Amino acid sequence: MAIAKRFKISHDEVFPHGAFIVSPVTPVSDFDRSTRENKVQQVDIDTGLPIWQVDVLDLDPDASKSARTVTVKFLAKVQPVPPANESGGPITPVIFHGLSALPYVEKVNEDFSRIAWSYRADAMGPVKSGSSSQQSPTKAA
Numbered sequence: 011m012a013i014a015k016r017f018k019i020s021h022d023e024v025f026p027h028g029a030f031i032v033s034p035v036t037p038v039s040d041f042d043r044s045t046r047e048n049k050v051q052q053v054d055i056d057t058g059l060p061i062w063q064v065d066v067l068d069l070d071p072d073a074s075k076s077a078r079t080v081t082v083k084f085l086a087k088v089q090p091v092p093p094a095n096e097s098g099g100p101i102t103p104v105i106f107h108g109l110s111a112l113p114y115v116e117k118v119n120e121d122f123s124r125i126a127w128s129y130r131a132d133a134m135g136p137v138k139s140g141s142s143s144q145q146s147p148t149k150a151a
């Protein structure tokens with residue numbers, strides 16, 4: 011039996027209380043290939059596509075302080091565009107489509123490690139009233 015390392019998961023399972031974009035979409039740096047003068051964007055080993063990231067605020071009231079902000083990554087030829095912010099506030103509500111998760115062990119300090127999660131999405135879209143993950147996505151190219 012083959013179990014994939016990365017598995018599909020719905021937006022509502024990861025963000026049942028909602029999610030807000032709190033940063034611009036930026037390229038993920040390839041620290042092995044970058045220098046101080048020349049920043050190189052990381053590419054996915056399997057697809058060769060550039061990797062982009064955005065910071066997201068998880069509105070789960072039970073989430074610990076350190077777990078309230080997560081990073082969601084995208085594989086795309088061009089920089090993904092977040093949905094327009096029509097909330098009237100400084101942060102943008104969002105729904106992620108094609109979301110997947112990858113568990114890994116994060117070493118917090120010499121005596122403590124924990125399970126952490128890496129999230130990847132195919133697209134993101136606006137939150138419309140009355141529905142959550144059924145909205146039209148803004149597809150990453």
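Heads up: the sequence shown runs through residues 11 to 151, numbered per the working numbering.
Idealized CB from N, CA, C, for every residue including glycine.
Quick caveat, the model's predicted, so the values are computed rather than measured.
Through-space distance from residue j to residue i, alpha-carbon basis
i	j	result
Pro147	Ala131	For Pro147, the predicted structure reports a pLDDT of 48, less than 50, and the residue's modelled location is therefore unreliable. A value from the coordinates is still provided. Distance between the alpha carbons of Pro147 and Ala131 is about 11 Å.
Val137	Ala77	22 Å
Arg16	Glu47	34 Å
Ile105	Pro92	10 Å
Val50	Ser44	5 Å
Gln144	Ser97	Bear in mind that a pLDDT of 42 at Gln144, under 50, signals an unreliable position, so the model cannot answer this.
Trp3	Glu120	Because residue 3 is not part of the residues shown, which for the chain are 11 to 151, the question remains open.
Arg124	Asp56	27 Å
Pro103	Val38	22 Å
Ser110	Ser139	24 Å
Met134	Lys117	30 Å
Val24	Lys75	16 Å
Ser20	Trp127	14 Å
Pro100	His107	23 Å
Ser142	Lys87	Its pLDDT being 44, under 50, Ser142 is placed unreliably by the model, and nothing is read from it.
Phe41	Thr79	22 Å
Pair within 7 Å by beta-carbon distance, residue i and residue j
i	j	result
Tyr114	Val82	no
Leu59	Leu85	yes
Val35	Gln89	yes
Those residues which DSSP pairs with residue i across a bridge
i	result
Asp124	Sequence inspection shows Arg at residue 124; the Asp mentioned does not correspond to that position. Glu116, per the DSSP bridge assignment.
Leu85	Ile61
Lys18	Ser110
Gly28	Note: Gly28 sits in no beta bridge, so no partner.
Thr37	A small correction: the amino acid at residue 37 is Pro; Thr does not occupy that position in the sequence shown. Beta-bridge pairing links Pro37 to Trp62.
Val80	Val66
Gln52	According to DSSP, Gln52 bridges with nothing at all.
### Task
Tell me, please, whether the region 17–29 touches the region 53–70 by the rule of three or more beta-carbon pairs shorter than 8 Å.
At 8 Å Cβ cutoff, the stretches touch.
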